[in-house]
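Student:
In my numbering, the protein residues as written are 76 to 277.
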């Protein structure tokens, strides 16, 4: 998914279709019956749809969510008394699940991947793809909060919590969108500092 995202973004950029104004102009040319514009609009619509889908696939298959997120969720729910003892963690897990359902779990808009012969509306597809990209970043931010809280309240000892944060930082460095990466790393490092203080006071 990562390579596909890069190729599709490059395809969109090379055709100058990052600004909404350019997308709207291409749409109008295609509607006016210009054959070259219609062909380019069909390609752009496909790219926008792939861009939105691939962002979600990359999130779901990445190690940050599929490995660390699932580890925290499974470990937290194995203990039936954990919810009462770790309300902050369970609140964040609920927030993570709710955000996925609301922002990432909806159906694709109509586009060439679903209806190859259907009418193409470029601007809604571009906005949808951008919405998915932004939503993935927000999801990673909530996931960082979940992992940080797990390192504090779920790990058996400060050393285990610190180890979880080291793994999380490695995964997020590789997978987190640039816009959220530094925020997530700052959360991890602040939590690691608190764990060191806790260990030092023992």
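The beta carbon of each residue, even a glycine, is placed where N, CA and C say it ideally should be.
Predicted model, so just to flag it, every value in this text is computed and none were measured.
From residue 207 to residue 178, what distance separates their C-alpha atoms?
Tutor: Each residue's Cα considered, the two are about 7 Å apart.
Student: Report yes if the CB atom of residue 89 is closer than 8 Å to the CB atom of residue 246, and no otherwise.
Tutor: Not a contact, by the Cβ cut-off of 8 Å.
Student: Looking only at C-alpha atoms, which of 225, 228 and 172 sits nearest to residue 213?
Tutor: Cα-wise, what sits closest to residue 213 is 172.
Student: Quick one: Cα of residue 155 to Cα of residue 116, how far?
Tutor: The alpha-carbon atoms of residue 155 and residue 116 are separated by roughly 54 Å.
Student: Rounding to the nearest angstrom, what Cα-Cα distance links residue 186 and residue 105 in this structure?
Tutor: Taking the straight line from one Cα to the other gives about 15 Å.
Student: Would you decide whether residue 251 is buried or exposed? Buried here means 16 or more other CB atoms lie within 10 Å of its CB.
Tutor: The residue is buried, with at least 16 neighbouring Cβ atoms inside 10 Å.
Student: Is the stretch 224-237 close to the stretch 264-271, with three or more CB pairs under 8 Å?
Tutor: Verdict: yes, contact present.
Student: Under a Cβ-count criterion, where at least 16 other Cβ atoms within 10 Å of its own Cβ denotes burial, should residue 244 be classed as buried or exposed?
Tutor: When all chains shown are included, residue 244 counts as buried.
Student: Would you tell me roughly how many angstroms separate the C-alpha atoms of residue 81 and residue 249, rounded to the nearest one?
Tutor: When rounded, the distance between both Cα atoms is 14 Å.
Student: Counting only runs that start and end within the stretch 124-161, where is the beta strand (DSSP E) found for 3 or more residues in a row?
Tutor: If we require 3 residues or more, the stretch 124-161 turns out to have no beta strand (DSSP E) run fully inside it.
Student: Can you grab the Cα-Cα spacing for the pair residue 161 / residue 152, in whole Å?
Tutor: Cα to Cα, the separation comes out at about 11 Å.
Student: Within 10 Å of its beta-carbon, does residue 167 have 16 or more other beta-carbons around it, so buried, or fewer, so exposed?
Tutor: Residue 167 is buried by the Cβ-count criterion.
Student: Helix, strand or coil for residue 108, going by three-state DSSP, please let me know.
Tutor: Coil.
Student: Can you check whether the CB of residue 95 is closer than 8 Å to the CB of residue 198?
Tutor: A contact, by the Cβ cut-off of 8 Å.
Student: Output yes or no for whether 8 Å exceeds the beta carbon distance between residue 217 and residue 174.
Tutor: For residue 217 and residue 174, yes; Cβs fall inside 8 Å.
Student: What's the gap between the Cα of residue 190 and the Cα of residue 125?
Tutor: Computed Cα separation, rounded: 14 Å.
Student: Taking the alpha-carbon positions, what's the residue 122 to residue 255 distance?
Tutor: Taking the straight line joining both Cα atoms gives about 24 Å.
Student: Please say whether residue 260 and residue 237 have beta carbons closer to each other than 8 Å?
Tutor: Not a contact, by the Cβ cut-off of 8 Å.
Student: DSSP on residue 189, reduced to helix/strand/coil?
Tutor: DSSP places residue 189 in coil when its eight states are reduced to three.
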